[in-house]
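When you line the sequence shown up against this note's numbering, it's residues 58 to 210, in that order. For reference, the structure is listed below as structure tokens.
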Amino acid sequence: MTAMDQSTSSAPVSAPGPGNCTAAKVRRLARKVTQIYDDALAPHGLTIGQMGLLATLRRREGVSIGALADRLSADASTVSRLLKPLLSIGYLTLEADPDDRRAKLVRLTQAGHDKRRAAAAGWNAAQASMAGALGGGRLAALHFMLDDAHHHL
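Right, here's the structure in full:
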């Protein structure tokens, strides 16, 4: 039985123990994957979180912090921490929402567009590193399982 077959079976969950904690395993993998992307993006002065934010804004100009948090599956305070250095460098601007003066809209500047485009080479290198380490089949299976788990949770 493959791991994908097991995902839909009614097999019992592993016995509790330090090696069987799903959260610990997911967090350990997330740290390792984040490090691969952060290392590849470091020459561009970005983290994977910042790159994700720039990429999201590339497709959605004038987004509220709350909407950005929803899109990134993060809380508003995490998004605010990601925004701060990008605002100070000049990759983003915060502007009043014309429909709601209490709200602020985040916009990508031309410098932000340029930085995202330049950093795409680092992101592509990280993607290639992941594919090389896992192989295409494992990477596709990982993507499937992550998407499926996200959908079911």
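C-beta: ideal position from N, C-alpha, C; glycine also.
Check, Outcome
"Should the region 110-120 be called in touch with the region 165-177, which here means at least 3 C-beta pairs below 8 Å?", "yes"
"Using 8 Å as the threshold, is the C-beta distance between L129 and V120 below it?", "no"
"Taking the straight line between their C-alpha atoms, what separation do you get for A182 and T91?", "13 Å"
"Between the beta-carbon of E152 and the beta-carbon of K161, is there less than 8 Å?", "yes"
"Please list the segments of the beta strand (DSSP E) lying wholly inside the region 82-151, counting only runs of 3 or more residues, in order along the chain.", "none"
"Would you kindly work out how many angstroms separate the C-alpha atoms of L149 and Q167, rounded to a whole number?", "9 Å"
"Kindly indicate which residue of G102, D205, A178 has the alpha-carbon position closest to the one of L143.", "G102"
"To the nearest angstrom, how far is it from the Cα of A80 to the Cα of A87?", "10 Å"
"Pull the bridge partners of R164 from the DSSP assignment, please.", "T150"
"Compare the Cα-Cα distances from W180 to each of A72, D156, I93 and report the closest residue.", "I93"
"I'd like the list of long-range same chain contacts for H115, defined as Cβ closer than 8 Å, with 5 residues on each side in sequence excluded.", "Checking the sequence, you will find Arg at residue 115 rather than His. For R115, where only same-chain residues beyond five positions count, the Cβ hits under 8 Å are L165, H170, R173."
"Which whole-angstrom value is the C-beta distance of L191 and L203, which I expect to be below 8 Å?", "Actually they are not in contact, since the Cβ atoms of L191 and L203 sit about 12 Å apart, beyond 8 Å."
"If we ignore side chains and look at the alpha-carbon of each, how far apart do A133 and V163 end up?", "13 Å"
"Starting from D156 and walking both ways along the alpha helix (DSSP H), at which residues does that stretch end?", "It is not in any alpha helix (DSSP H) - D156 carries neither H nor E in the DSSP assignment."
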